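Chains Y and F, in that order, give the protein sequences.
Just so we're aligned, residue 3 is where the first sequence starts under my numbering, counting upward by one.
Just so we're aligned, residue 32 is where the second sequence starts under my numbering, counting upward by one.
Ideal placement from N, C-alpha and C gives every residue a C-beta, glycine not left out.
Keep in mind the model is a prediction, meaning the values are calculated, not measured.
Only one structure is covered here, and it is reproduced in the block below.
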Amino acid sequence: EEDKEEHDEL
Amino acid sequence: MNVFRLAGDMTHLLSIMVLLLKIHSMKSCAGISLKTQELYVLVFATRYLDIFTTYFSFYNTVMKIVFLVTSFSIVWYMRHHKVVRQTYDRDQDTFRHHLLVIPCFLLALLINHRFTVREVLWTFSLYLEAVAILPQLVLLQRSRNIDNLTGNYVFFLGAYRGLYLFNWIYRYMAEKSQLRWIPWISGLVQTALYADFFYYYIKSWKKREKLQLPA
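Given below as structure tokens:
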């Protein structure tokens, strides 16, 4: 989940 | 997604559209640094590797594809299109961009969120993006004639990361997101590099004069 937040930006 | 993030993405998209407009309509890439464009290809290729492995949203996937395809095609036009490539300021665009890649990679190996291939490459892309504009800024400083599309391209590109700073502040305050020093500091450095350009861009816009950067 933590990774998801980090990587949802462009 | 908050309004700053959306505005940032749209400004980024707009900057690329302005550059493509210049290439397509004027058949010219005068004043555009191929070195910077090549660095962006590397930035997007290393950052968006997860396009095949992780699904975030339709928006996210489409935007990643757009950034990858457009960055590759801009480099293709500048290198191979028979008319466009003749307008490239080869002699002025002499920044040794390879020298930016290795330190950014070493830094990503040393300072990252997690020591995995994906995370190191992601971090590398953030560090490299922060400095990728340098060859372009040097070229602008050497150019006597900066046309409107080129000036606007660089302005929107700088505005994009500036808006992301607000997005991060918003996410931290309102969405209680975690501390994310790596993108924040890289983004701050990236935006700061534009400070001088912004100053002269706004000044020329107010006076309705042609943009020119002091040497």
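**Study point:** Proximity test, Cβ basis, 8 Å: F:ASN143 and chain Y
**Key:** no
Practice item. For F:VAL106, I'd like the list of residues in its chain whose CB is within less than 8 Å of its CB, leaving aside the five on either flank, ordered along the chain. Key: LEU65, GLN68, GLU69, VAL72
Point to revise | Rounded straight-line distance, which links the Cα of F:ILE47 to that of F:THR101 | key: 7 Å
Practice item. Report yes or no: do three or more beta-carbon pairs, one from the region 215-222 of chain F and one from the region 49-59 of chain F, lie closer than 8 Å? Key: no
Review point. Taking C-beta to C-beta, are F:THR154 and F:ILE213 nearer than 8 Å?
Key: yes
Check your understanding: Quick one: what does DSSP say F:ASP40 is sitting in, helix, strand or coil?
Key -> helix
Check your understanding: In chain Y, which residues lie less than 9 Å from F:TRP153 when you measure between Cβ atoms?
Key -> GLU8, HIS9
Review point. Closest by CA to F:MET109, which one among F:VAL74, F:TYR90, F:GLY62?
Key: F:GLY62
Exercise for review: State the DSSP-derived secondary structure class of F:ILE54, mapped to helix, strand or coil.
Suggested key: helix
Practice item. Tell whether a beta-carbon distance below 8 Å holds between F:PHE197 and F:PHE89. Key: no
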